[in-house]
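The block underneath contains the structure these notes are about, expressed in structure tokens.
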Amino acid sequence: MTELGGANGHNGRTGQNGQTLLEVKDLQMYFPIRKGFFRSVVGHVRAVDGVSFTIAKGDTFGLVGESGCGKSTTGRCIMRLLDPTSGEIIYHDDHGQATHIEELSGQEMRPFRRHMQIMFQDPYASLNPRLTLKHIVGEPLVINNICRGKELEERVAQLLRSVGLSPEHMNRYPHAFSGGQRQRIGLARALALNPNFIVADEPVSALDVSVQAQVLNLIEDLQEEFGLTYLFIAHNMSVIKHICDRVAVMYVGKIVEVAETAELFGNPLHPYTEALLSAIPQPDPRNKKKRIVLEGDVPNPANPPSGCYFHPRCAYAKDICRQESPALKEVKPDHFSACHFANELQLMSAL
Amino acid sequence: MSDDVILKVNDLHTYFFTESGQIRALSGVDFTLQRGEVLGIVGESGCGKSVTAQCIMNMVPNPGRIMGGSINYYRRANGQVEEIDIINQHPRGRVMRSLRGNDIAMIFQEPMTSLDPVYTVGSQLLEAITLHQDVTKVEAREVAIDALAKVHLPEPHRIIDSYPHQLSGGQRQRVMIAIALSCNPSLLIADEPTTALDVTTQAQILDLMQELQEATGMSIIFITHDLGVVAEMCDSVAVMYLGKVVEKTDVDSAFYDPKHPYTRALLRSIPRMDEQKNSRLAVIKGNVPDPSVVPLGCPFHPRCPEYMPGICNQVVPSMIELENDRAVRCLLYDKNQVQTPQPVAA
């Protein structure tokens, strides 16, 4: 396999208390494409293609992009629900000890999962319909031999209260709950083992607006209460802007821009970010600004274009964009962009 | 004035008779659509947006039945306006069949499930054209290629012979629009046409729909839950909650001067791009109630921040006409109910 020029920038940053929680370095996840009678490998879908970022302790790090850009795959690789092709995922625990997650065996990974949990997008598919709430939320506790019996019930009740559900509902099945309530159950399950880090994979995109606001507020409250760090994956830019401290924009398996939320939205340095920001319909009929409408579709990650992956749709593309893949570099302090002309372009902000 | 009206829906009631009881999917939907107007119907899931669309097409699925109210469509033909009472037509009768596709067309949310995977795009397009227009096969193919070109699909000659799975989500939605518009309908019902699409593709489709609306002057009923899409696309808005239209207004006042407490709460609960960091989102307490157990009185009263005990939980509000063609279904504005009609501004 060829080494592809990817984002090798460190884009390091330390959080409010100066600690890094998770480092991802040059992560790659290739899915083989098999064809023919012998199922020989004829190519690879480069779902994640050289992604690097650092998440500071206590931060909410947003990963945003369109479907198929590899944001969920990145989240799943970090959780080791998928085994990455290459790259490093380093977790720093409270005692300053660094663990290479990608090297852990299945058996070593199991106790490690206490530190990091995931909540999923679809609240209808991520809860087992044949288990009661007590079993769903209590399962991580039982598996890790933390408590059982009366103690388990108390802990589940406490977890349900902390996500705003009533403990009397413990013996009900998921079908009795609405979408927003199910997402709360998913959160309670993720919180069961007192994790430090939660990957929230599109936690509100299946919810109605009024319920979405409730769940977003809950996610923020729990962060404060339990000192959580989030990797927040979403495609909705307004939600990302609301909840994240720092945002990475992905396009066809690569990070094209990373910055603090206000900086990224106020001063985008990549044409794709600009287009993404201008494409969002604003809930304000008096502010109908000109949209940048991108031509064509997102390229197929099995057969990406040459050079910069964005060049066939980019309004500013020049010859160099067709030939050379731009690296993610620090254009301004703490603001990284993978564009050859990041310094020269005057891009429109979201505001 | 009535000459310009294309569709009038009045006090529509549609119930579903399920084994577990009667579900009142619609219990009071009123709106009037002018020719060339783009009306947005917004609301959360389960509020009856899609059932409203199905009623207008007179294809309410079993076990649903239209129990009351009226839907009048005003067809313009040969310089005359003919009034068609949709709910009294047989769903499979001659009149409805000539109306669907020809006068009223519909596009759906999920472009993959609404196109048949075993037929080419062309044969699905030709079906609509040959059913409604008096053309030969060769002419129909020309019309079809024209329709595909109109929705800006690259290489329409190639696309017409491809299968839905060979197209991307955005392309499929363009094909759906081409099929819907192939017979030049006067009214297009778009049921969440961009919900399944990415933001950049959504921007393309919204632009296309705007362009086609301006070119043909058709009326559109745009069903969506995204208030941003409403602000960009629509001239007027009908907000629905639990089977009722609770507010009907022009788009500017819907966002700048909403009257119904539900509309206000909905607007406050969406994260905005221009908000200050660390501001908390305002929430509507509770959940949308189950439609089989609708609360007494105003269905919104258990969640309403301006709930008036003894009034809202007993009196079913009716649509109250305000100035500028606005209407709201809230007892706060009913002069017979309260002395202080103006609540605190949002």
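For the record, the sequence lines run as chains A and B.
In this text, residue positions in the first sequence follow numbering that gives the first Met the number 0: the first is 0, and each later residue adds one.
In this text, residue positions in the second sequence follow numbering that gives the first Met the number 0: the first is 0, and each later residue adds one.
Backbone N, C-alpha and C define an ideal beta-carbon position, used for all residues, glycine too.
Source: prediction; values computed, not measured.
Which ranges does the alpha helix (DSSP H) cover as unbroken runs of at least 4 residues, wholly within the region 225-261 of chain B, from first to last along the chain? Within the region 225-261 of chain B, the complete alpha helix (DSSP H) runs of at least 4 residues are 226-232, 250-255.
Can you pull the chain A neighbours of R271 (chain B), defined as C-beta to C-beta under 9 angstroms? Start at 1 with the first residue of the second sequence, and residue 271 (chain B) comes out as number 272. Listed along the chain, the chain A residues whose CB falls inside 9 angstroms of the CB of R271 (chain B) are S237, K240, H241, Q281, P282, D283.
Name the chain B residues whose beta carbon is nearer than 7 angstroms to that of S66 (chain A)? To locate residue 66 (chain A), count along the first sequence from 1; it is residue 67. Neighbours of S66 (chain A) in chain B, taken as residues at a C-beta separation under 7 angstroms, are given in chain order as D197.
Measuring alpha carbon to alpha carbon, tell me which of B:G27, B:R263, B:V228 ends up nearest V8 (chain B). Your numbering for residue 8 (chain B) matches position 9 in the second sequence. Nearest option by C-alpha distance: B:G27.
Which residues in the same chain as Y250 (chain A) place their Cβ atom closer than 7 angstroms to its Cβ, once the five residues preceding and following it in sequence are excluded? In the first sequence, the residue the question calls residue 250 (chain A) occupies position 251. G64, C68, Y271, Y308, F309.
Would you mind sorting R64 (chain B) into buried or exposed? The rule is 16 or more other CB atoms within 10 Å of its CB. Start at 1 with the first residue of the second sequence, and residue 64 (chain B) comes out as number 65. Residue environment analysis places R64 (chain B) among the exposed positions, since fewer than 16 neighbouring C-beta atoms fall within 10 angstroms of its C-beta.
Among residues of its own chain, excluding the 5 on either side of Q108 (chain B), which ones have a beta-carbon nearer than 8 angstroms to its beta-carbon? Here the question's residue 108 (chain B) lines up with position 109 in the second sequence. Taking Q108 (chain B) as the centre and dropping the five residues before and after it, the same chain places the C-beta of D190, E191, P192, T194, A195 closer than 8 angstroms to its C-beta, in chain order.
Where does Q21 (chain B) land, buried or exposed, given buried means 16+ other C-beta within 10 angstroms? As a position in the second sequence, residue 21 (chain B) is number 22, starting the count at 1. By the neighbour-count definition (other C-beta atoms within 10 Å, threshold 16), Q21 (chain B) is an exposed residue.
Compute the distance between the beta-carbons of R173 (chain B) and V150 (chain B), then report whether it is under 7 angstroms. As a first step, residue 173 (chain B) is located in the second sequence; it is residue number 174 there, counting from the start. As a first step, residue 150 (chain B) is located in the second sequence; it is residue number 151 there, counting from the start. Taking 7 angstroms as the cut-off, the Cβ atoms of R173 (chain B) and V150 (chain B) count as close.
Closest to R279 (chain B) by C-alpha separation, out of A:L227, A:S336, A:E219, A:A326, would be which residue? Position 280 of the second sequence holds residue 279 (chain B). Ranking A:L227, A:S336, A:E219, A:A326 by Cα distance to R279 (chain B) puts A:E219 first.
Please state whether DSSP places H89 (chain B) in a helix, a strand or coil. Taking the first residue of the second sequence as position 1, residue 89 (chain B) is located at position 90. Coil.
Going by DSSP, name the residue or residues bridged to E22 (chain A). To locate residue 22 (chain A), count along the first sequence from 1; it is residue 23. DSSP output for E22 (chain A) lists A:T53, A:I89 as bridge partner(s).
Helix, strand or coil for M108 (chain A) per DSSP? For the purposes of this step, residue 108 (chain A) is taken as residue 109 along the first sequence, with counting starting at 1. Three-state DSSP puts M108 (chain A) in a helix.
One or two residues paired with N193 (chain A) in a DSSP bridge: Here residue 193 (chain A) is taken as the residue at index 194 of the first sequence, counted from 1. Paired residues: none, contrary to the question.
C-beta contact flag for I85 (chain B) and N57 (chain B) at 7 angstroms: Within the second sequence, the letter at position 86 stands for residue 85 (chain B). Within the second sequence, the letter at position 58 stands for residue 57 (chain B). Taking 7 angstroms as the Cβ cut-off, I85 (chain B) and N57 (chain B) qualify as a contacting pair.
Taking only beta-carbon atoms, is V282 (chain B) less than 7 angstroms away from chain A? In the second sequence, counting from the first residue as 1, residue 282 (chain B) sits at position 283. Yes, because at least one Cβ of chain A sits closer than 7 angstroms to the Cβ of V282 (chain B).
Please tell me whether L227 (chain A) and V246 (chain A) are closer than 7 angstroms, where the distance is taken between their beta carbons. The residue you call residue 227 (chain A) lines up with position 228 of the first sequence. The residue you call residue 246 (chain A) lines up with position 247 of the first sequence. For L227 (chain A) and V246 (chain A), no; Cβs fall outside 7 angstroms.
For Q21 (chain B), the first and last residue of its enclosing alpha helix (DSSP H): As a position in the second sequence, residue 21 (chain B) is number 22, starting the count at 1. Per DSSP, Q21 (chain B) belongs to no alpha helix (DSSP H); it is in the beta strand (DSSP E), 20-33.
Is there a Cβ from chain B that is less than 7 angstroms from the Cβ of D82 (chain A)? Along the first sequence, one-based indexing puts residue 82 (chain A) at 83. By this cut-off, D82 (chain A) is not an interface position.
Residue range of the alpha helix (DSSP H) that S137 (chain A) falls in? Numbered from its first residue, the first sequence carries residue 137 (chain A) at position 138. Reading off the sequence shown, one finds Gly at residue 137 (chain A), where the question assumed Ser. Note, G137 (chain A): alpha helix (DSSP H), 132-142.
Tell me whether I106 (chain B) sits in a helix, a strand or coil according to DSSP, three-state version. Reading the second sequence from its first residue, position 107 is the one you call residue 106 (chain B). Looking at I106 (chain B) - three-state DSSP - the assignment turns out to be strand.
Within the 7 angstroms Cβ cut-off, does N216 (chain A) reach chain B? What you label residue 216 (chain A) is simply residue 217 of the first sequence in a count that begins at 1. Closer than 7 angstroms to some Cβ of chain B, the Cβ of N216 (chain A) qualifies, so yes.
So, V198 (chain A) versus L221 (chain A), is the Cβ gap smaller than 7 angstroms? One-based indexing of the first sequence puts residue 198 (chain A) at position 199. One-based indexing of the first sequence puts residue 221 (chain A) at position 222. In this structure, L221 (chain A) does not lie closer than 7 angstroms to V198 (chain A) by Cβ.
According to a CB-to-CB cut-off of less than 8 angstroms, which residues of the region 16-33 of chain B neighbour chain A? Those residues of the region 16-33 of chain B placed with their C-beta closer than 8 angstroms to a C-beta in chain A do not exist.
Buried or exposed by the 16-neighbour rule on C-beta atoms within 10 Å, applied to I319 (chain A): Stepping through the first sequence from its first residue, residue 319 (chain A) is reached at position 320. By the neighbour-count rule (16 or more Cβ atoms within 10 Å), I319 (chain A) is not buried but exposed.
Taking only beta-carbon atoms, is T339 (chain B) less than 7 angstroms away from chain A? In the second sequence, the residue the question calls residue 339 (chain B) occupies position 340. Because the pLDDT at T339 (chain B) is just 49, under 50, the model does not fix this residue reliably, and the value given afterwards should be weighed accordingly. Answer no: the Cβ-Cβ gap between T339 (chain B) and chain A never drops below 7 angstroms.
State the start and end residues of the unbroken alpha helix (DSSP H) segment that holds V210 (chain A). Within the first sequence, the letter at position 211 stands for residue 210 (chain A). Bounds of the alpha helix (DSSP H) holding V210 (chain A) are 208-225.
Identify whether M272 (chain B) lies in helix, strand or coil by the three-state DSSP scheme. Indexing the second sequence from 1 puts residue 272 (chain B) at position 273. When DSSP states are grouped into helix, strand and coil, M272 (chain B) belongs to the coil group.
Among B:R34, B:A104, B:E36, B:G47, which has the Cα closest to the Cα of L11 (chain B)? Along the second sequence, one-based indexing puts residue 11 (chain B) at 12. The shortest Cα separation from L11 (chain B) among B:R34, B:A104, B:E36, B:G47 belongs to B:G47.
Which residues in the same chain as I54 (chain A) place their Cβ atom closer than 7 angstroms to its Cβ, once the five residues preceding and following it in sequence are excluded? What you label residue 54 (chain A) is simply residue 55 of the first sequence in a count that begins at 1. Excluding residues within five positions, the ones whose Cβ falls inside 7 angstroms are L20, L21, F60, T228, L230.
D197 (chain B) in three-state terms, based on DSSP: Counting from 1 along the second sequence, the entry for residue 197 (chain B) is found at position 198. Of the three classes helix, strand and coil, the one that applies to D197 (chain B) here is coil, per DSSP.
Given that F254 (chain B) touches chain A, what residues does it touch there, using C-beta distances under 9 angstroms? Position 255 of the second sequence, counted from the start, is the residue given in the question as residue 254 (chain B). Neighbours of F254 (chain B) on chain A, chain order: P282, D283, P284, R285.
Span of the alpha helix (DSSP H), counted from its first residue to its last, around M236 (chain A): For this step, residue 236 (chain A) is matched to residue 237 along the first sequence. Taken as a continuous stretch (DSSP letters only), the alpha helix (DSSP H) holding M236 (chain A) covers 236-242.
Let me know the secondary structure DSSP gives N286 (chain B) once reduced to three states. Reading the second sequence from its first residue, position 287 is the one you call residue 286 (chain B). Coil, per DSSP.
Can you check DSSP and say which residues form a bridge with K149 (chain B)? Position 150 of the second sequence holds residue 149 (chain B). For K149 (chain B), which the question treats as bridged, DSSP gives no partner whatsoever.
By how many angstroms is the C-alpha of Q209 (chain B) removed from the C-alpha of K288 (chain A)? For the purposes of this step, residue 288 (chain A) is taken as the residue at position 289 of the first sequence. For the purposes of this step, residue 209 (chain B) is taken as the residue at position 210 of the second sequence. Taking the straight line joining both Cα atoms gives about 14 angstroms.
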